Amino acid sequence: MHRKQSSKNSKQLPQAHHSNQTDLSAWRKGGKTEKSLQKHQSHNSQVNESKRDSFEQALSYFEKVQDPGSLRKNEVLQKHLATVESTALEKGLPPEAFDVLLNVALSGKFADAVNTRLLKSLIPASVIPESSLVSSVSWLCVSKCSGSIQLLFLRWLIAMFDFIDHKDQLHALYGFFFSFLQDEKMCPYVCHLLYLLTRKESVKPFRIRKLLDLQAKMGMQPHLQALLSLYKHFCPELISITLPGKMKTYFKNSEGPWKAAIITIRRRNQEKSPVSQPLLLGTTQHQSRKRKWNTQLILPASSASTSHLAEVKDKNSDLYSISESFPVEQLQTFSQLLQNIHHLELPSQMGSVLTHPLLLHYMNCIKDESIYLRLHYWMGQTLQEECTWCVVDSSQYEEEFKDFLEIVHKTECFLQEGFSSCEEFLYRSLPFWDGFCCRSQILRLMTWIPLSSFSEMKSHLYGPLAQLFFTSSLYFKCSVLESLKELLQNWLNWHVIQLDSESDSQGYSLNTTLSGLVNTVAELIHFVGWISTLALRLESSATFLLYFILDFYEMVCDIYLRYNLPLLIMPPAGVFYPALLSMDSVNLNQLCYIMYRYRTNLVAAKENEQIKKKILQFKFSSQTYQEYNQYLIAMVGCLWTSNAFQKDVHPQGLRLDEEVLKKTRVQDFKTSFNVVYHPALMGYALLFLQQAWPDDNTFNFSLIKGRKWNWYLEYLYAQGLKGLKLFIESSINRVSPASQIK
Numbered sequence: 024m025h026r027k028q029s030s031k032n033s034k035q036l037p038q039a040h041h042s043n044q045t046d047l048s049a050w051r052k053g054g055k056t057e058k059s060l061q062k063h064q065s066h067n068s069q070v071n072e073s074k075r076d077s078f079e080q081a082l083s084y085f086e087k088v089q090d091p092g093s094l095r096k097n098e099v100l101q102k103h104l105a106t107v108e109s110t111a112l113e114k115g116l117p118p119e120a121f122d123v124l125l126n127v128a129l130s131g132k133f134a135d136a137v138n139t140r141l142l143k144s145l146i147p148a149s150v151i152p153e154s155s156l157v158s159s160v161s162w163l164c165v166s167k168c169s170g171s172i173q174l175l176f177l178r179w180l181i182a183m184f185d186f187i188d189h190k191d192q193l194h195a196l197y198g199f200f201f202s203f204l205q206d207e208k209m210c211p212y213v214c215h216l217l218y219l220l221t222r223k224e225s226v227k228p229f230r231i232r233k234l235l236d237l238q239a240k241m242g243m244q245p246h247l248q249a250l251l252s253l254y255k256h257f258c259p260e261l262i263s264i265t266l267p268g269k270m271k272t273y274f275k276n277s278e279g280p281w282k283a284a285i286i287t288i289r290r291r292n293q294e295k296s297p298v299s300q301p302l303l304l305g306t307t308q309h310q311s312r313k314r315k316w317n318t319q320l321i322l323p324a325s326s327a328s329t330s331h332l333a334e335v336k337d338k339n340s341d342l343y344s345i346s347e348s349f350p351v352e353q354l355q356t357f358s359q360l361l362q363n364i365h366h367l368e369l370p371s372q373m374g375s376v377l378t379h380p381l382l383l384h385y386m387n388c389i390k391d392e393s394i395y396l397r398l399h400y401w402m403g404q405t406l407q408e409e410c411t412w413c414v415v416d417s418s419q420y421e422e423e424f425k426d427f428l429e430i431v432h433k434t435e436c437f438l439q440e441g442f443s444s445c446e447e448f449l450y451r452s453l454p455f456w457d458g459f460c461c462r463s464q465i466l467r468l469m470t471w472i473p474l475s476s477f478s479e480m481k482s483h484l485y486g487p488l489a490q491l492f493f494t495s496s497l498y499f500k501c502s503v504l505e506s507l508k509e510l511l512q513n514w515l516n517w518h519v520i521q522l523d524s525e526s527d528s529q530g531y532s533l534n535t536t537l538s539g540l541v542n543t544v545a546e547l548i549h550f551v552g553w554i555s556t557l558a559l560r561l562e563s564s565a566t567f568l569l570y571f572i573l574d575f576y577e578m579v580c581d582i583y584l585r586y587n588l589p590l591l592i593m594p595p596a597g598v599f600y601p602a603l604l605s606m607d608s609v610n611l612n613q614l615c616y617i618m619y620r621y622r623t624n625l626v627a628a629k630e631n632e633q634i635k636k637k638i639l640q641f642k643f644s645s646q647t648y649q650e651y652n653q654y655l656i657a658m659v660g661c662l663w664t665s666n667a668f669q670k671d672v673h674p675q676g677l678r679l680d681e682e683v684l685k686k687t688r689v690q691d692f693k694t695s696f697n698v699v700y701h702p703a704l705m706g707y708a709l710l711f712l713q714q715a716w717p718d719d720n721t722f723n724f725s726l727i728k729g730r731k732w733n734w735y736l737e738y739l740y741a742q743g744l745k746g747l748k749l750f751i752e753s754s755i756n757r758v759s760p761a762s763q764i765k
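Residue numbers (the working numbering): 24 to 765.
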């Protein structure tokens with residue numbers, strides 16, 4: 024019994040510790056819980072102190088060692104090197120360690136194997152002192168270390184750029200780093216570092232000439248183009264050559280050896296540091312150990328130390344009113360943004376801009392191309408690396424990738440414009456997309472694709488999208504139609520904004536002419552008409568699908584008047600007739616409203632043509648008017664005159680020989696689709712009969728005529744069928760009530 028009880032107590036101890044219970048009975052059963060906890064804490068503190076002593080001994084060893092010898096034969100070196108590596112991976116290195124370890128790694132005392140391991144273990148616990156970097160850079164002047172170590176040092180410097188406490192002295196070394204562009208192996212990484220360091224005062228004519236000479240020698244390298252693009256933004260008068268507007272990736276990824284450790288340390292710093300908490304800026308999702316995008320959405324608090332931030336917190340306005348730059352880490356209020364809008368120093372990690380509302384306001388107010396250049400580079404690289412269906416073994420990170428795409432979409436909505444890097448990502452990844460992974464996020468990104476030529480969109484967007492559309496479920500089809508409608512809406516809104524702007528030269532920078540916009544919008548409408556026609560056949564004219572199709576054409580029918588774009592395109596017959604014969608009153612009412620708006624727009628266009636015959640550049644073709652009239656005859660023939668089968672003249676219309684109609688054995692087939700007998704309205708007719716003749720159970724629909732017909736129409740209008748009312752009142756010449764009574 025005693026053994027069973029003791030074993031039971033031992034099982035309860037961890038549970039009590041885990042749940043922090045303070046119940047007296049649990050304390051009695053636990054026996055010596057508090058004492059064991061105290062012993063455990065004491066043991067942990069002893070272990071930590073032992074590790075701290077070991078690390079200090081290792082640091083002292085590397086600082087004083089003169090002739091280390093071979094790594095294999097030197098057990099002391101192996102021991103201290105392992106201590107540095109384990110400390111770096113567990114909790115990061117303190118700031119004072121970098122001066123010692125960088126000098127050792129770059130001084131050439133050790134073999135490359137040791138220097139490589141030292142550089143890969145240089146992971147900061149908080150910040151990296153700028154002074155240690157300046158002293159380590161001086162070793163590059165004397166060529167003590169090999170080329171591979173110099174290359175690894177540059178990669179480390181780029182990866183750790185956000186952890187450097189100050190960057191003024193690094194900016195002063197801009198010319199020194201620029202001199203390393205001669206080395207072909209180091210050139211891509213030097214360009215990347217210069218890209219992060221470049222300010223307007225860094226752009227000099229001799230540097231531009233050097234970059235152009237290198238480009239002539241090496242060809243159109245993406246890293247050179249990136250730096251030239253940034254130079255051209257700051258000083259466009261110094262660079263006359265045309266640079267490509269879009270690049271998939273500018274720079275190689277430099278974070279490889281340190282990526283997982285960087286994310287772990289950043290996450291730990293965010294949990295511990297009181298300064299970093301207000302800088303999270305809405306990113307509350309958990310941080311991945313292996314992914315890097317979500318940590319880069321947080322403003323790095325390292326470009327100004329914690330103590331320095333605390334000192335200047337109360338005197339921001341006084342200090343930075345005369346300063347050249349205002350660290351964005353301290354930007355907390357809108358008033359600060361207004362006071363320092365021309366002095367902001369944006370973070371080198373541009374991903375943090377996405378979740379900072381104040382910086383998004385800054386992007387809207389200050390059209391700074393350098394921001395978009397850097398953001399395009401970072402976002403394009405991140406999308407390429409994190410895409411869960413383009414990268415092997417990344418499906419486990421699908422939720423994180425969804426969160427990232429959501430943030431990108433929210434940013435595009437805030438800025439009211441799409442990112443070119445997202446457009447390139449969609450064009451590149453859609454052929455491999457299964458239509459399930461991140462569905463809603465991908466479709467939302469599609470709605471912000473910038474205007475481009477039809478040939479480009481046909482091959483990269485419409486083709487892959489159509490394949491998925493026809494082979495997917497009804498709900499996917501509806502989602503695609505909704506996204507294409509929002510895409511059209513964004514294009515039209517962009518057009519209206521450009522019309523309101525004063526400069527015509529800036530209005531159509533993407534298509535150069537209004538005709539380019541008209542053609543692109545027309546092709547999108549034709550594409551939607553084509554896939555809608557086929558989708559209705561595949562889904563047996565499903566009511567749910569028809570609703571989304573008509574919702575799209577409700578925008579199309581008003582393009583001329585609402586968005587001032589000289590374009591009107593009628594829906595194809597494969598959409599119009601299923602809507603006209605629909606068994607759902609909502610779809611029929613929506614079709615009536617669409618036809619009413621088409622009539623209003625066409626009448627306005629005709630009047631403008633007559634008034635401004637010589638001025639108008641765009642005129643609607645007679646085919647548009649002809650197609651509208653054909654649809655109008657069919658609708659009036661169905662809903663009102665009951666002669667659609669005889670009068671419909673559309674090639675794909677309802678016209679049928681009377682002999683064929685008689686073979687259907689349908690009585691009164693002529694009136695089958697008027698407002699009384701139409702399948703979508705028959706339920707209303709039945710309710711009307713019940714109210715008008717409550718004692719009559721025969722449900723004789725022929726009673727709805729004459730004055731009762733007018734009452735029935737008023738009844739329909741009262742049920743919310745406003746589209747039907749507008750169509751009848753605008754397109755049908757009714758006999759006056761007095762004549763009807765007579």
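Think of the CB as a built atom: it goes at the ideal place given N, C-alpha and C, for glycine as much as any other residue.
All figures in this text were calculated on a predicted structure; none of them were measured in a lab.
Neighbour-count burial assignment, residue i, 16 or more Cβ in a 10 Å radius
i, result
"Val519", "exposed"
"Val165", "exposed"
"Glu682", "exposed"
"Ile617", "buried"
"Arg467", "buried"
"Leu568", "buried"
"Val579", "buried"
"Gly746", "buried"
"Thr265", "exposed"
"Lys748", "buried"
Within-8 Å CB hit, residue i to chain C
i, result
"Gly403", "Given the protein chain composition of this structure (a single chain), no chain C is represented."
For residue j and residue i, the rounded distance between their alpha carbons
i, j, result
"Phe229", "Val160", "23 Å"
"Ser109", "Val213", "30 Å"
"Asn666", "Leu453", "48 Å"
"Leu175", "Thr139", "8 Å"
"Leu203", "Glu421", "The displayed chain sequence assigns Phe, not Leu, to residue 203. For Phe203 and Glu421, the distance between alpha carbons rounds to 40 Å."
"Met218", "Leu82", "The amino acid occupying residue 218 in the given sequence is Tyr; Met does not appear at that position. Cα-Cα distance, rounded: 34 Å."
"Leu625", "Leu614", "16 Å"
"Asn756", "Ser475", "45 Å"
"Phe455", "Glu479", "18 Å"
"Thr405", "Arg397", "12 Å"
"Thr687", "Thr411", "55 Å"
"Leu677", "Ala657", "8 Å"
"Lys693", "Phe668", "7 Å"
"Ala602", "Lys629", "27 Å"
Where the alpha helix (DSSP H) containing residue i begins and where it ends
i, result
"Thr106", "Glu98 to Lys114"
"Arg730", "Arg730 to Ala741"
"Cys615", "Ser608 to Ile634"
"Ile181", "Gly170 to Ala182"
"Val698", "First-last for Val698: undefined, no H or E at that position."
"Glu207", "Unbroken run through Glu207: none, as it is neither H nor E."
"Tyr197", "Tyr197 to Phe201"
"Asp523", "Leu497 to Asp523"
"Ile465", "Arg462 to Met469"
"Tyr586", "Ile582 to Tyr586"
"Lys223", "Segment: none, Lys223 is in no alpha helix (DSSP H) and carries neither H nor E."
"Thr494", "Gly486 to Thr494"
Pick from the options that is closest to residue i, judged by C-alpha positions
i, options, result
"Thr768", "Ser563, Leu377 and Trp663", "Because residue 768 is not part of the residues shown, which for the chain are 24 to 765, the question remains open."
"Leu515", "Val541, Leu497 and Gln490", "Val541"
"His432", "Ser463, Leu749 and Cys410", "Ser463"
"Asp191", "Glu224, Leu177 and Phe437", "Glu224"
"Pro473", "Gly441, Lys629 and Phe499", "Gly441"
"His366", "His256, Leu382 and Ser375", "Leu382"
"Phe722", "Ala565, Leu568 and Met705", "Met705"
"Thr566", "Leu736, Phe599, Val609 and Gln355", "Val609"
"Ile727", "Asn697, Lys745 and Leu491", "Asn697"
DSSP bridge partner residues for residue i (one or two, in chain order)
i, result
"Pro380", "DSSP lists no partner for Pro380."
"Pro147", "Leu116"
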